[in-house]
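>
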Amino acid sequence: MVLNEVRDPVGMLRVVVPLALATIFAVYLLVNLAFFLVLPVDIIKESGELVGHEFFVRLFGPGHGARIFSLLISCCIAGNVMVGVFSLARQNQEIARRGFYPRLFASSRPFNAPLGGVILNFIPAGLIILAVPSSHVYSFMLDIEGYPAQISAFAIATGLLWLRWTRPQLPRPFKASIPMVVVYLTICASQVISPFLPSSTTSSGVWEGKYALVGLAILSCATLYWLIWARVLPSIWSQRLVEVSGTLSDDTTFTSIQRAPAPSSQPQSFRDDDDPLYHHG
1 MVLNEVRDPV
11 GMLRVVVPLA
21 LATIFAVYLL
31 VNLAFFLVLP
41 VDIIKESGEL
51 VGHEFFVRLF
61 GPGHGARIFS
71 LLISCCIAGN
81 VMVGVFSLAR
91 QNQEIARRGF
101 YPRLFASSRP
111 FNAPLGGVIL
121 NFIPAGLIIL
131 AVPSSHVYSF
141 MLDIEGYPAQ
151 ISAFAIATGL
161 LWLRWTRPQL
171 PRPFKASIPM
181 VVVYLTICAS
191 QVISPFLPSS
201 TTSSGVWEGK
211 YALVGLAILS
221 CATLYWLIWA
231 RVLPSIWSQR
241 LVEVSGTLSD
251 DTTFTSIQRA
261 PAPSSQPQSF
271 RDDDDPLYHH
281 G
């Protein structure tokens with residue numbers, strides 16, 4: 001969804017992404033080299049995540065160094081938040097355009113921006129801020145959010161390899177490298193499996209992988225809901241789910257999912273007889 005905002009997404013993926021990765025790699029090496037040139041090894045070991053603070057204090061003094069370090073962290077967090085809010089807002093808008101959220105959130109009015117998607121992000125973020133959960137609860141919530149995301153990423157990478165194998169004739173303006181996809185698939189698989197390894201315990205013997213069970217429970221509930229909504233109920237009521245296309249006042253296209261009587265027979269030329277959703281103009 002975010003690449004739709006780019007004039008030449010294929011060209012950007014081919015040029016900008018490798019350049020960005022190379023830049024990050026070089027800057028990361030230079031930063032770590034600077035740490036070892038300025039700070040003793042013992043201080044680096046003792047500082048842990050605060051080694052950057054010690055670095056700026058050594059260079060600019062305890063007053064200015066701490067302020068500069070805090071300013072850089074604030075800029076980094078602000079950029080991360082802006083990118084996350086924008087991408088998630090576009091994602092929410094696309095979900096609304098597909099008929100799974102109210103149609104209000106699919107609109108780009110009044111600023112030609114996904115305001116509805118931003119509001120959907122604002123609601124849970126505001127609740128978390130107002131509730132002020134403890135650090136353990138907040139970390140647990142982040143883990144619950146990240147675990148299903150890793151399962152989804154694993155499924156997407158697997159599907160990419162499957163399509164590359166079964167339908168190699170499909171046009172691909174940008175073609176991902178198979179070795180890189182395999183590496184990414186391996187990373188996702190390791191993160192999905194790691195909570196269930198025997199070493200995933202705290203010093204008190206409490207299992208740290210509880211978030212994985214909660215994430216699997218959420219995915220199971222979503223799958224069960226889909227089966228009942230898209231398969232069981234239409235079969236009981238002799239209906240099919242139909243996607244009806246439309247256009248909002250700001251020229252944003254959308255589809256609404258409606259129920260229609262199931263046809264007694266379907267033509268053999270239909271492309272996917274097993275799919276409960278088919279387009280109906």
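Under full-length UniProt numbering, the first residue of the sequence shown carries the number 1, and numbering increases by one thereafter. The C-beta atom is built at its ideal place from N, Cα and C for all residues, glycine as well. Computed from a predicted model, the values in this text were never measured in an experiment.
Apart from the five residues on each side of it in sequence, which residues of its chain come closer than 6 Å, Cβ to Cβ, to residue 188?
Along the sequence shown, read from residue 1 onward, the residue named residue 188 stands at position 188. Answer for residue 188: 150, 153, 154, listed in chain order.
> With a threshold of 7 Å on Cβ separation, who are the neighbours of residue 218 within its own chain once the five nearest residues in sequence on each side are excluded?
Sequence index remark: in the sequence shown, residue 218 carries index 218 (1-based). Excluding sequence neighbours, residue 218 sits near 148.
> So if DSSP puts residue 233 in a beta bridge, which residue, or which two residues, is it bridged to?
The count along the sequence shown starts at 1 and reaches residue 233 at position 233. The partner list for residue 233 (beta bridge, DSSP) is empty, contrary to what the question assumes.
> With distances taken between CB atoms, is the gap from residue 3 to residue 106 smaller than 8 Å?
By one-based count along the sequence shown, residue 3 stands at place 3. By one-based count along the sequence shown, residue 106 stands at place 106. In this structure, residue 106 does not lie closer than 8 Å to residue 3 by Cβ.
> Quick check on residue 208: does DSSP put it in helix, strand or coil?
Locating residue 208 in the sequence shown gives position 208, counting from the first residue. Looking at residue 208 - three-state DSSP - the assignment turns out to be coil, as it is neither helix nor strand.
> Any idea which residues DSSP pairs residue 253 with across the strands?
By one-based count along the sequence shown, residue 253 stands at place 253. Paired residues: 247.
> Which one or two residues does DSSP pair with residue 240 in a beta bridge?
Mapped onto the sequence shown, residue 240 falls at position 240. Beta-bridge pairing links residue 240 to 260.
> To the nearest angstrom, how far is the alpha carbon of residue 46 from that of residue 79?
For the purposes of this step, residue 46 is identified with residue 46 of the sequence shown, where counting begins at 1. For the purposes of this step, residue 79 is identified with residue 79 of the sequence shown, where counting begins at 1. Cα to Cα, the separation comes out at about 29 Å.
> Rounding to the nearest angstrom, what Cα-Cα distance links residue 230 and residue 254 in this structure?
Within the sequence shown, residue 230 is the residue found at index 230, counting from 1. Within the sequence shown, residue 254 is the residue found at index 254, counting from 1. Whole-angstrom Cα-Cα distance: 19 Å.
> In or out: residue 97 buried (at least 16 other Cβ within 10 Å) or exposed?
In the sequence shown, the residue the question calls residue 97 occupies position 97. The residue is buried, with at least 16 neighbouring Cβ atoms inside 10 Å.
> Do residue 127 and residue 157 count as a contact pair if the criterion is CB distance below 8 Å?
As a working note, residue 157 is residue 157 in the sequence shown. As a working note, residue 127 is residue 127 in the sequence shown. The answer is no: Cβ separation not under 8 Å.
> For residue 112, does the count of other Cβ atoms within 10 angstroms reach 16, so buried, or fall short, so exposed?
In the sequence shown, residue 112 corresponds to position 112, counting from 1. So residue 112 ends up on the exposed side.
> With residue 74 as the anchor, note down where its alpha helix (DSSP H) starts and where it stops.
Here residue 74 corresponds to residue number 74 of the sequence shown, with the count starting at 1. Start and end: 51 to 97.
> For residue 169 and residue 14, what's the separation of their Cα atoms in angstroms?
In the sequence shown, counting from the first residue as 1, residue 169 sits at position 169. In the sequence shown, counting from the first residue as 1, residue 14 sits at position 14. Distance between the alpha carbons of residue 169 and residue 14 is about 21 Å.
> Determine the extent of the alpha helix (DSSP H) in which residue 169 is found, giving its start and end residues.
As a working note, residue 169 is residue 169 in the sequence shown. Per DSSP, residue 169 belongs to no alpha helix (DSSP H) and is neither H nor E.
> Quick check: what's the CA-CA separation for residue 116 versus residue 129?
Taking the first residue of the sequence shown as 1, we reach residue 116 at position 116. Taking the first residue of the sequence shown as 1, we reach residue 129 at position 129. C-alpha separation (whole angstroms): 20 Å.
> List the endpoints of the continuous alpha helix (DSSP H) containing residue 184.
As a first step, residue 184 is located in the sequence shown; it is residue number 184 there, counting from the start. Per DSSP, residue 184 belongs to the alpha helix (DSSP H) from 178 to 193.
> Would you kindly report the start and end of the unbroken alpha helix (DSSP H) that includes residue 131?
Within the sequence shown, numbered from 1, the residue matching residue 131 stands at position 131. Unbroken alpha helix (DSSP H) run through residue 131: 115 to 131.
> I need the DSSP call for residue 12, collapsed to helix, strand or coil.
Position 12 of the sequence shown, counted from the start, is the residue given in the question as residue 12. The answer is helix: DSSP assigns residue 12 an H, G or I state.
> Is it right to say residue 100 is buried, meaning 16 or more other beta carbons lie within 10 angstroms of its own, or is it exposed?
Within the sequence shown, numbered from 1, the residue matching residue 100 stands at position 100. With fewer than 16 other Cβ atoms within 10 Å, it is exposed.
> Just how far apart, CA to CA, sit residue 53 and residue 30?
For the purposes of this step, residue 53 is taken as residue 53 along the sequence shown, with counting starting at 1. For the purposes of this step, residue 30 is taken as residue 30 along the sequence shown, with counting starting at 1. Cα to Cα, the separation comes out at about 17 Å.
> Are there 16 or more other CB atoms within 10 angstroms of the CB of residue 55, so buried, or fewer, so exposed?
Against the sequence shown, residue 55 aligns to sequence position 55. Its Cβ being crowded by 16 or more others within 10 Å, residue 55 is buried.
> Can the beta-carbon of residue 225 be found closer than 8 Å to that of residue 143?
Locating residue 225 in the sequence shown gives position 225, where the first residue counts as 1. Locating residue 143 in the sequence shown gives position 143, where the first residue counts as 1. Contact: no.
> Quick check: what's the CA-CA separation for residue 194 versus residue 207?
Counting from one through the sequence shown, the residue named residue 194 turns up at place 194. Counting from one through the sequence shown, the residue named residue 207 turns up at place 207. Between residue 194 and residue 207, the C-alpha separation is close to 12 Å.
> Please list the terminal residues of the continuous alpha helix (DSSP H) segment that includes residue 45.
Along the sequence shown, read from residue 1 onward, the residue named residue 45 stands at position 45. Per DSSP, residue 45 belongs to the alpha helix (DSSP H) from 41 to 47.
> For residue 89 versus residue 124, is the C-beta distance shorter than 8 Å?
Residue mapping note: residue 89 aligns to position 89 of the sequence shown, counting from 1. Residue mapping note: residue 124 aligns to position 124 of the sequence shown, counting from 1. Not in contact: residue 89 and residue 124 (Cβ atoms no closer than 8 Å).
> Do you know offhand how far residue 239's Cα is from residue 222's?
As a first step, residue 239 must be located in the sequence shown, where it is residue number 239. As a first step, residue 222 must be located in the sequence shown, where it is residue number 222. Their Cα atoms are separated by approximately 21 Å.
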